[in-house]
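A.B. asks:
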Amino acid sequence: MQAELNRLEELILDRPRIPFTRRTIVDEEQLLDQLDLVRINLPRAFEEALTLLRQRDELLLQAEDYAREIVEAAQQQAVQLVDEMGIIRQAEVEAAQLRQQVQQDCEELQRRTLNDIEQMRLQAVQDIEQMRQLALGECEDIQEGADEYADAVLSRIELQLGEMMRVIRNGRSQLRSGGQVSAADANALP
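In terms of the working numbering, the sequence shown opens at residue 1120 and continues consecutively.
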């Protein structure tokens, strides 16, 4: 595609000029032949761009599914360990926020992609490679961000569950030792 555009440029620049004007004498048949070659190569460049966009959209969907699976796994663990402690509600809110953020990121990437396609029509092959690199980098960033966020949510849940297990162990220990609870232990209970 770029080679055909370069030949078209040479065809115009290498022709004789009309003196005292900016006009060039060009062989009409050669010019039309060269334009046909450019026209033939354009659909292939656009097809490559659309293929890259489809691949990027697949990566975005995979990242979103991956984040959703992590959040669902965290919710299931919380339900199994504690059924009435409020942690489930907190995990659901955080999962909804994560899903909303991933959705916004995907919509933003789609908007940028449409703008990139418009620019690709003007700049052809040069922008195709650039857009592919950008899309892959953004997908990796989204996936890494989702992993980090899910890890932080799981870490908070783990800490809260650990604290609850400590309180439960203390209570059971007190029950085994005769049910006497010291003032310090009573203050530690929620």
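No residue lacks a Cβ here, since even glycine has one placed at the ideal position from N, Cα and C.
Does R1240 pass the burial test, meaning 16 or more other C-beta atoms within 10 Å, or should it be called exposed?
C.D. replies: Within the sequence shown, the letter at position 121 stands for residue 1240. Burial call: exposed.
A.B. asks: Out of E1259, I1207, T1170, which one is the CA nearest neighbour of V1272?
C.D. replies: As a first step, residue 1272 is located in the sequence shown; it is residue number 153 there, counting from the start. When only C-alpha atoms are compared, the closest one is I1207.
A.B. asks: What do you get for D1224, buried or exposed, if any count of 16 or more other CB atoms within 10 angstroms of its CB means buried?
C.D. replies: The residue labelled residue 1224 in the question sits at position 105 within the sequence shown. Burial call: buried.
A.B. asks: Compare the beta carbon distance of A1186 and V1221 with 9 Å and say whether it is the shorter of the two.
C.D. replies: Numbered from 1 along the sequence shown, position 67 holds the residue referred to as residue 1186. Numbered from 1 along the sequence shown, position 102 holds the residue referred to as residue 1221. Yes.
A.B. asks: Nearest to Q1262 by alpha carbon, out of R1218, D1133, R1173?
C.D. replies: For the purposes of this step, residue 1262 is taken as residue 143 along the sequence shown, with counting starting at 1. Nearest of R1218, D1133, R1173 to Q1262, Cα basis: R1218.
A.B. asks: With a floor of 4 residues, list each alpha helix (DSSP H) that falls wholly inside the region 1199–1262, ordered by position along the chain.
C.D. replies: 1206–1242
A.B. asks: To the nearest angstrom, how far is the alpha carbon of R1163 from that of E1129?
C.D. replies: Numbered from 1 along the sequence shown, position 44 holds the residue referred to as residue 1163. Numbered from 1 along the sequence shown, position 10 holds the residue referred to as residue 1129. Going from the Cα of R1163 to the Cα of E1129 covers about 23 Å.
A.B. asks: From the DSSP output, which residues share a beta bridge with T1143?
C.D. replies: As a first step, residue 1143 is located in the sequence shown; it is residue number 24 there, counting from the start. According to DSSP, T1143 bridges with R1136.
A.B. asks: In angstroms with no decimal places, state the Cα-to-Cα distance between Q1249 and T1232.
C.D. replies: Sequence index remark: in the sequence shown, residue 1249 carries index 130 (1-based). Sequence index remark: in the sequence shown, residue 1232 carries index 113 (1-based). One C-alpha to the other measures close to 12 Å.
A.B. asks: Under 9 Å between the Cβ atoms of L1127 and L1161?
C.D. replies: Sequence index remark: in the sequence shown, residue 1127 carries index 8 (1-based). Sequence index remark: in the sequence shown, residue 1161 carries index 42 (1-based). No, Cβ-Cβ distance for L1127 and L1161 is not below 9 Å.
A.B. asks: Beta-carbon within less than 6 Å of R1251's beta-carbon, same chain only, minus the 5 sequence neighbours each way: which residues are those?
C.D. replies: The residue labelled residue 1251 in the question sits at position 132 within the sequence shown. Around R1251: L1171.
A.B. asks: Which of helix, strand or coil does DSSP assign to M1120?
C.D. replies: Taking the sequence shown and counting its residues from 1, the one referred to as residue 1120 is at position 1. Correct three-state label for M1120: coil.
A.B. asks: I1276 and A1193 look like a contact to me (Cβ under 8 Å); what is the Cβ gap, rounded to whole Å?
C.D. replies: The count along the sequence shown starts at 1 and reaches residue 1276 at position 157. The count along the sequence shown starts at 1 and reaches residue 1193 at position 74. Rounded, the Cβ-Cβ distance is 6 Å, consistent with contact.
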